[in-house]
Amino acid sequence: MKYRAPTSIDEAVELLSAHPGAEVFAGATDLIPQIQGGRPEPSLVVDLKRIPETVRLEAENGFWRVGAAIPAAVLTAHEGLTAAFPGLVEGAGLIGSDQIQGRATLGGNLCNASPAADSVPPLVALGAEAIIVGRGGERSAQVSEVVIGPSATSLDQSEFITEFRIPAPSRGSSDAYERFIPRTEMDIAVVGAAARIRVDGDGRCEEAAVVLAAVAPTVVEVSAASGILEGRVIPHYSGRDAFWDELGEAVVACCNPIDDKRGTAEYRRKVAQVLARRTVVTAARRARETL
Amino acid sequence: MARVFFPTALQQLTGDLEECEIEASTVRELFVRLEDRFPGIREQLASAAVAIDGDVVPGALLERLEPDSEVHFLPAISGG
Amino acid sequence: MTTTRTGYKWVGTRPVRHDGLDKVTGRARFGADYATAGMLHGVVLRSPHVHARILSIDLTEAAAMPGVKAIITGADLPDIPDETGTGSEGGINFRDLSRNILARDKVLYEGHPVAAVAAVTLRAAQRAAEAIEVDYEILPAVLSLEEAMEDDAPVLHDDLFTLGLDSPPDRPSNISRRRVIARGDLDAGWEEADVVVEREYTTKAVHQGYIEPHAVVAETGEDGRSTLWCSSQGHFAMRTYTTKVLGWEPGDMKVIPAEIGGGFGGKTTIYLEPLAALLSRRAGRAVKMVMTRSEVFRATGPTSGSVMRIKMGARRDGKLVAATAWMAYEAGAFPGSPIGPGVMTVLACYDIPNVLIEGYDVVLNKPKVAAYRAPGAPMAAFAAESVVDELAEELGIDPIELRLRNAVTEGVRAVYGPKYRKIGFVETLEEARDHPHYSAPLGPWQGRGVASGYWFNFGGETTATVSINEDGTAVVMSGCPDIGGTRAALAQMAAEELGIDVHRIEPVVADTHSIGYNDMTGGSRVAFAVGIAVVDASRQLIDDMCARAALIWDVPREEVEWVDGRAQSVTGAAAPLTLEELASGSGATGGPLSATVTVNPRGAGAGFSTQICDVEVDPDTGLVTVLRYTVVQDAGRAIHPDYVEGQMQGGAVQGIGWALNEEYIFDRNGVMENPGFLDYRMPVASDLPMIDTVIVEVPNPDHPYGVRGVGETGIIPPMAAVANAVYAATGKRMQDLPMSPVRVLEALSGD
Amino acid sequence: MSRTHVTCVLNGDEIDFLCNDYQTLLSALRDELGMIGTKEGCGTGDCGACSVILDGQLVCSCLVFAPEVEGRRVETIEGLAEVDHLHPLQDSFLEGAAFQCGVCTPGFLMAAKALLDRNPSPTETEVRYGVAGNLCRCTGYDKIVRSILDAAARMSDPERQKEAT
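Protein chains in written order, with the numbering used here: chain Y, 596 to 886; chain L, 550 to 629; chain S, 27 to 777; chain G, 63 to 227.
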């Protein structure tokens, strides 16, 4: 296995085009354990961190541009990003330990294509776009379109993500992410849920997105959520308001979980409802606080 | 006379006797006397730990027995 | 934290440990930190199947690969008769040990070693191992206690006939042994009982989880003499076992102990050592072998999974009058679960007149279990202490009060036979009852549980040497690896005796060629047994030095006494002689100052612990959070209270892990699904509160300072303490470990 | 296969080493540079024993390819103490009995250093999360957490700091 660290997009694309067995990486927090676990070593690994576009972080023209190879620890320490997308930062801040966050990136978390990735549900809920470069030049895709199944993406062999473009939040809009693990750290999500809520001047929900992790082969958006939540002032969950049951049913309808070492399908269905409620409440509260 | 207690597993050999009194001044002597009385028991005792007066004694063959000693045979105890 | 008042100068204080500086600067050398120039790297080829016959092994391609220097298989190890040797911690069957090191005709679990390769680089060795072709005939596997004990179960060992049955079996089975403890008249006992509780409990295999994987460097010379550098709980035992498996002479092997990165019982046996030694012999070069974490999980010994049925009866006044226990423990691929101590400890806290305990040692297609902290006792206590909690509730008696009414005390006959000597169980219960924790208020979905535990502790064969240097400093040498601060404790006892500063004493763990035999660091024995030897050696030295002072002063020996590190004339006839003066002039008074003592002491004081746990349960997710935890334990005497507390805290947290999330998870084919720290969920710092400790000191009369072993007892009560707390919080009795969120939520949804 | 030449700043000194591209930083430190203070407990980033600080960021050196550190700053346990005195964390760990076997200790110290570098006076909870990537099987974490809190107090108290040196 050889290692290369190109310093431009063109150089990286060239390397990838010339080496069919090559693989890109940024944090290597998935790649190295997978090799340790017996996955065949790629003939070449291409380190994206020295390409300036992949480590850029700035807000411009109604968008945030977040480099795909920025470690989570940098994102969670960024005040502007945290204020804009608290849920996304929560997701990034849950990717493993501090040590893992010193390395793990949004691009890697997405392209590892695990249904349990913590930063992906908030990216999807925020309507983020991935900027993809490759032999065919630059293109963009909705984050929800990048992963097509467990360990599978829609990127071709020469392609990689340079950055995410996330619409800047309008007044009255915010997000939240919560996941469930049996410990307090160091686990892969058994279930995760992200919510983005936009409220009007009276604090009524105008728009809602709820996205779940680890309950289906890819992260899934609860498309009915918006219809259920729109027009409501979202209180704390009390169990009395019927729309919570509707939301719960919509969540379960989106779940297609498996029994595995981390949890049972039944457990995931139950806890997905719990987390969806909790993140919706949190996102709604945050949204009202921006008014 | 030492008071000797037999674990359930040995009571087949002792004719369901749970305990008995035996004159012996060391564990080795006790083993010989026990074998005389309950043939085959010595082999069974080889892998057991010997507890004298509540105290497990490793490699106890030469250990002295007091006239009022209590002797128990226990599974070998391991520790972490 | 408890401050201990002892009236001693060093015993009971908290000096910085002697090996501390090396450990905070990264200089300490653990198993994998040894290297020699030109050494080879060895790897193990392991079975991918849980039960299969080895039809053939083809080494041709592997042996021809570049850099490969030696390959061995089971055929290279001698056949060892089916005999049980006395390891320092109970019997060990060397034939089974050898077959666990390298499979012969059959593989018995996924990860069972089939061959080992040494090559010039780790990569070359790995590639060569992959190139070894093994032809297997897959056999039906036995993956649970229930399956293994069925009459028509596939049998792992054709020559395994159950011991301890009423009539000898006529065919082999997977039950290697039945153990029975009986006393009193059960029928009469049940007759007398006003309340009876009977429940079944299960626990899963759990691993010791030491952070340092097994590692060894072996160098075997042309003359057949070898040196091993390895981290273990006892380098003398490593030598005995390794040479036995290889058919070599123990005297031809020197084992140099590395610092050990945790053991908890798991490093009391051998895995890599004979492979590295033999590969080195074949290759003519040193060979280093280090396990991966996955190998540690898949192929070293966890402790047993278990199934237990406990029934206990009590009178209305709280007196326990009858109990039965049926227990089956997984041994793994070869016989030898800790069912013995399991049946002995399960009811050992209580004085119950009528008892029947039946235990089974069962083999199945999983890794062979190894010792784990108080082997066999924690799962038994989970079951028994849960039943005691239920009885307390049914009787309307406070659970600590119920325990006090039945607690064993000095002179009471233990359920397994002998009478207890001086013990401090009642004292732990009283301290727990009177602790502010026990009466602190609780909120909604919060609950409190208590549980107790008993462990024997152990003495063992021991050698210690105390020597005085010419500057009056001292060296205390033993042959027991220091896992948790025992060097400091031994130096403290020597300092107390010699009357010198503890940091003028250098405690050393010596190799097998530098000191007499020592049993392993296990059974909570070091501060007790090695402590006795160190104290005796120090006293011999003092006597010797007083005699020399008498010689110098030309007075009778009786006129010299040892005070504050100096020989002093009782008549004041001469100025005191310091240790330094006596040592620097020792040539003139008979030679160097040194004393060696060997002992095999009786009287390891039994240990008891009572623990209090508060939890909060999230009713939506089933997550159990430990809010507050208190460990009360009888240490006899805490030589270094920090490290006694550390043992209590560490044991409790291992138990909390066992209670909540740790388990071996196997797929349908018996392959472990979680052989890593990501999904084998040991507690992390953010999972826990501070672990409060109360050190009870009921001195052990058989130790000069009253020491009882403290290493093991602390892990026994936690699972029941947590389960009882979960019940108090939720009204649900958890009878299966671990109490993972999935299981707790299932229980909560059970109505 | 030719080896890669890597130059980096290790504990303040510019050094260089040769490695294979597949080697991890952990392997380079231990096997190429003989710096055995950084430990391997799992090789998969789950135990923290191999923690080092890379360009100011706490990482598991088992999850870093050795060639990645070209031109970067690496801090390991060997660089924590000054010539004539220990880092306050090391003092606290010694005095607070924050380890038993000690194999996880270098990783804990590096994680604690990274934590205090960015948060000089953490709460108990922040300490617990700050070292949640480091497994200790001996201590139950109690004395580790206390020792880190104690070190933070020492470092923020100029009097105590002077005392320590």
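Note that CB positions come from ideal geometry on N, CA and C, so glycine has one too.
- Is it a yes or a no for the segment 199-214 of chain G touching the segment 145-163 of chain G, going by three-plus beta-carbon pairs under 8 Å? Between the segment 199-214 of chain G and the segment 145-163 of chain G there are three or more C-beta pairs closer than 8 Å, enough to call the two in contact.
- Message: Does the CB of Gly697/Y have a neighbour CB from chain G at under 7 Å?
- Response: Taking the first sequence and counting its residues from 1, one reaches residue 697/Y at position 102. Yes, its Cβ sits closer than 7 Å to a Cβ of chain G.
- Message: Can you confirm whether Asp693/Y, when its beta carbon is compared against all beta carbons of chain G, has any partner nearer than 7 Å?
- Response: Along the first sequence, read from residue 1 onward, the residue named residue 693/Y stands at position 98. Yes, Asp693/Y counts as interfacial toward chain G.
- Query: Nearest-angstrom Cα distance between His240/S and Thr294/S?
  - Reply: The residue labelled residue 240/S in the question sits at position 214 within the third sequence. The residue labelled residue 294/S in the question sits at position 268 within the third sequence. Taking the straight line from one Cα to the other gives about 11 Å.
- Query: Under 8 Å Cβ-Cβ, which residues of chain S neighbour Ala600/L?
  - Reply: Residue numbering aside, residue 600/L sits at position 51 when the second sequence is read from its first letter. In chain order: Gly443, Pro444.
- Message: Distance cutoff 7 Å, beta carbons only. Does Thr28/S sit that close to anything in chain G?
- Response: Within the third sequence, residue 28/S is the residue found at index 2, counting from 1. Any reading at Thr28/S is ruled out, since the residue's pLDDT is 42, under 50, leaving its predicted position unreliable.
- Message: Looking only at its chain, what residues have a beta carbon closer than 6 Å to the beta carbon of Ala711/Y, apart from the 5 residues adjacent to it on each side?
- Response: Position 116 of the first sequence, counted from the start, is the residue given in the question as residue 711/Y. Hits under 6 Å: Ile783, Ala784, Ala808, Ala809.
- Which runs of the beta strand (DSSP E) fall wholly inside the segment 772-817 of chain Y and span at least 3 residues, in chain order? The qualifying runs are 786-794, 800-808.
- Message: Strictly under 7 Å for the Cβ-Cβ distance: is Ser258/S near chain Y by that measure?
- Response: To locate residue 258/S, count along the third sequence from 1; it is residue 232. Not one beta carbon of chain Y lies nearer than 7 Å to the beta carbon of Ser258/S.
- Task: State the DSSP-derived secondary structure class of Lys35/S, mapped to helix, strand or coil.
- Result: In the third sequence, residue 35/S corresponds to position 9, counting from 1. Of the three classes helix, strand and coil, the one that applies to Lys35/S here is coil, per DSSP.
- Apart from the five residues on each side of it in sequence, which residues of its chain come closer than 6 Å, Cβ to Cβ, to Val313/S? As a working mapping, residue 313/S is identified with position 287 in the third sequence. Taking Val313/S as the centre and dropping the five residues before and after it, the same chain places the C-beta of Leu66, Gly68, Ala144, Ala244, Ala302, Leu305, Ser306 closer than 6 Å to its C-beta, in chain order.
- Task: Return the first residue and the last residue of the alpha helix (DSSP H) that Lys887/Y is part of.
- Result: An answer regarding residue 887/Y cannot be provided, because it is not within the stretch 596 to 886 covered by chain Y.
- Grab me the residues of Arg759/S's own chain with a C-beta within less than 6 Å of its C-beta, minus the 5 sequence neighbours each way, in chain order. Locating residue 759/S in the third sequence gives position 733, where the first residue counts as 1. Taken in chain order, the residues that qualify are Tyr753.
- If you follow the alpha helix (DSSP H) that His463/S is part of, which residue opens it and which one closes it? Sequence index remark: in the third sequence, residue 463/S carries index 437 (1-based). In the DSSP annotation of this structure, the continuous segment of the alpha helix (DSSP H) that includes His463/S starts and ends at 462-465.
- Message: Less than 7 Å between the beta carbons of Gln518/S and Val50/S, yes or no?
- Response: If you number the third sequence from 1, residue 518/S lands on position 492. If you number the third sequence from 1, residue 50/S lands on position 24. It is not a contact, given that the beta carbons lie outside the stated cut-off.
- Message: Quick test of the definition: if touching needs 3 or more C-beta pairs under 8 Å, does the segment 168-187 of chain G touch the segment 676-684 of chain Y?
- Response: No, because fewer than three Cβ pairs between the segment 168-187 of chain G and the segment 676-684 of chain Y fall closer than 8 Å, the two stretches do not touch.
- Item | Contact with chain C by Tyr598/Y, beta-carbon distance below 7 Å | The structure shown contains no chain C; its protein chains are Y, L, S and G.
- Secondary structure of Met175/S, DSSP reduced to three states: In the third sequence, residue 175/S corresponds to position 149, counting from 1. Note: Met175/S maps to helix in three-state DSSP.
- Task: Mind reading off the beta-carbon distance from Ser595/S to Val586/S? Whole number of angstroms is fine, and I expect it under 8 Å.
- Result: Locating residue 595/S in the third sequence gives position 569, where the first residue counts as 1. Locating residue 586/S in the third sequence gives position 560, where the first residue counts as 1. The pair is a contact, with the Cβ atoms about 6 Å apart (cut-off 8 Å).
- Query: Is Cys81/G near Glu102/G, with beta carbons less than 7 Å apart?
  - Reply: As a working mapping, residue 81/G is identified with position 19 in the fourth sequence. As a working mapping, residue 102/G is identified with position 40 in the fourth sequence. Not closer than 7 Å, so no.
- Chain-ordered residues of the segment 838-866 of chain Y with a beta carbon less than 9 Å from chain S: In summary, the residues of the segment 838-866 of chain Y whose CB is separated from some CB of chain S by less than 9 Å are Asp855, Lys856, Arg857, Gly858, Thr859, Glu861, Tyr862, Lys865, Val866, in the order they occur in the chain.
- Item | Neighbourhood of Ala803/Y by C-beta, 6 Å cutoff - its chain only, sequence neighbours within 5 removed | By 1-based counting over the first sequence, the position of residue 803/Y is 208. Once the five neighbours on either side are set aside, the close Cβ partners of Ala803/Y are Ile792, Ala820, Ser821, Leu824.
- Can you pull the chain S residues whose beta carbon is under 9 Å from the beta carbon of Ile77/G, in chain order? Along the fourth sequence, one-based indexing puts residue 77/G at 15. The contact set of Ile77/G on chain S, defined by CB atoms closer than 9 Å, is empty, because the minimum CB distance reaches about 17 Å.
- Mapping DSSP to helix, strand and coil, what is Gly113/S? To locate residue 113/S, count along the third sequence from 1; it is residue 87. Legend: pLDDT at Gly113/S = 48, less than 50; position of this residue unreliable, no value from coordinates given.
- Message: Taking 8 Å as the cut-off, does the segment 68-85 of chain S touch the segment 147-160 of chain G (at least 3 CB pairs, one atom from each stretch)?
- Response: These segments do not touch.
- Ranges of the alpha helix (DSSP H) found wholly within the segment 664-752 of chain Y, counting only runs of at least 4: List check, alpha helix (DSSP H) in window: 667-671, 674-679, 681-687, 693-696, 701-706, 715-720, 738-741.
- Query: From what residue to what residue does the alpha helix (DSSP H) around Val828/Y run?
  - Reply: Along the first sequence, read from residue 1 onward, the residue named residue 828/Y stands at position 233. No alpha helix (DSSP H) contains Val828/Y, which DSSP labels as neither H nor E.
- Measuring from the CB of Ala711/S, is there a heavy atom of the ligand COA at a distance below 6 Å? The model on display carries no ligand, and the ligand COA is accordingly not part of it.
- Item | Buried/exposed call for Trp839/Y, threshold 16 Cβ in 10 Å | Here residue 839/Y corresponds to residue number 244 of the first sequence, with the count starting at 1. Flag for Trp839/Y reads buried.
- Task: With distances taken Cα to Cα, identify the nearest neighbour of Ser574/L among Glu568/L, Glu615/L, Val620/L.
- Result: Your numbering for residue 574/L matches position 25 in the second sequence. Looking at the Cα atoms, Glu615/L is the closest of the given residues.
- Check whether the segment 499-511 of chain S touches the segment 554-562 of chain S, counting contact only when three or more Cβ pairs, one atom from each stretch, lie closer than 8 Å. Yes, the segment 499-511 of chain S is in contact with the segment 554-562 of chain S.
- Message: Can you check whether the C-beta of Ala194/G is within less than 7 Å of a C-beta belonging to chain Y?
- Response: Walking along the fourth sequence from the start, residue 194/G turns up at place 132. For Ala194/G, at least one C-beta of chain Y is nearer than 7 Å to its own C-beta.
- Query: Does the beta carbon of Glu699/S come closer than 7 Å to any beta carbon on chain Y?
  - Reply: Taking the third sequence and counting its residues from 1, one reaches residue 699/S at position 673. For Glu699/S, the closest Cβ of chain Y is nearer than 7 Å.
- Message: Helix, strand or coil for Thr454/S? Go by DSSP, reduced to three states.
- Response: Here residue 454/S is taken as the residue at index 428 of the third sequence, counted from 1. Residue state, collapsed to three classes: helix.
- Residue from Arg872/Y, Ser818/Y, Phe755/Y, Val814/Y whose Cα sits closest to the Cα of Gly744/Y: Translated into positions along the first sequence, residue 744/Y becomes position 149. Checking every option, the nearest Cα to that of Gly744/Y belongs to Val814/Y.
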